[in-house]
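Below is one structure, written out as structure tokens; the observations come after it.
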Amino acid sequence: MSNRTRIIFKRDSESSVGRGAVIYHAHFRPEIATIIYWAAFYAPSELGEEMWITEGWRDIRDKRDLHKECRAFDIDCMRINAESYSLKFLIAQGWASCLADELGSDYQVILHGGEKALHLHVELDP
Ligand SMILES: [Zn+2]
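For the sequence shown, position 44 (counting from the first letter as 1) is numbered 203 according to our numbering, and the numbering increases by one without interruption.
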């Protein structure tokens, strides 16, 4: 088993909004933790051996949000080292596609956030 990718949970002090990834024990349910397992497994080398989890739990009331149910993670793509945004996006897209294939249809892998906050949102929503 590879140990090339270090998994980092963003801390409050590293966040522009003062709140890093809020992680609870519920995030380590096997069907949720598997998201991180496979995301790290397929992490592109351009990430420089670090995969950052930027969001776990959050409380949003105006719409259904699986972060609130501890069933989703956001995984940073901004740290993908690429010459341009479009290349960064392509690398992230490849990562998303491998991860989606591996996790299967009970999971959703969404690449979004644009040039300032590109990330993978991955959730269990059977
Ligand atoms: Zn998200």
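Beta carbons are placed, not taken as given, at the ideal position from N, Cα and C, and that holds for glycine.
Rounded distance between the beta-carbons of residue j and residue i, thought under 8 Å
i: ARG217; j: VAL268; result: Going by Cβ atoms, the distance from ARG217 to VAL268 rounds to 18 Å, so no, they are not a contact pair.
i: ALA199; j: ILE166; result: 6 Å
i: GLU208; j: ARG163; result: 6 Å
Residues bridged to residue i (per DSSP)
i: GLU190; result: Per DSSP, none; premise fails for GLU190.
i: PHE232; result: VAL281
i: VAL176; result: Partner(s): none; VAL176 has no beta bridge.
i: HIS271; result: HIS278
i: ARG165; result: GLU209
i: GLU214; result: ASP233
Straight-line gap, residue i to residue j (C-alpha atoms, nearest Å)
i: CYS257; j: ILE212; result: 18 Å
i: ASP284; j: ALA241; result: 31 Å
i: LYS222; j: CYS229; result: 15 Å
i: ILE194; j: LEU262; result: 7 Å
i: LEU279; j: PRO203; result: 13 Å
i: TRP254; j: TYR201; result: 6 Å
i: MET237; j: LYS247; result: 8 Å
i: ASP265; j: SER172; result: 34 Å
Neighbour flag for residue i against chain C, beta carbons, 8 Å
i: GLY273; result: Here chain C cannot be found, since the structure has a single protein chain.
Proximity winner among the options, relative to residue i (alpha-carbon distances)
i: LYS227; options: LYS275, TYR183, PHE168, ARG170; result: TYR183
i: MET210; options: VAL176, PHE232, ASP260, GLY177; result: PHE232
i: ILE234; options: SER172, SER243, LEU270, LEU225; result: LEU270
i: HIS186; options: PHE168, SER174, GLU173, GLY177; result: PHE168
i: SER243; options: LYS275, TRP197, TYR266, TYR196; result: LYS275
How would the residue list near ligand 1 read, in chain order, if you kept each one whose beta-carbon is closer than 6 Å to any heavy atom? GLU214, HIS226, ALA231, ASP233, HIS280
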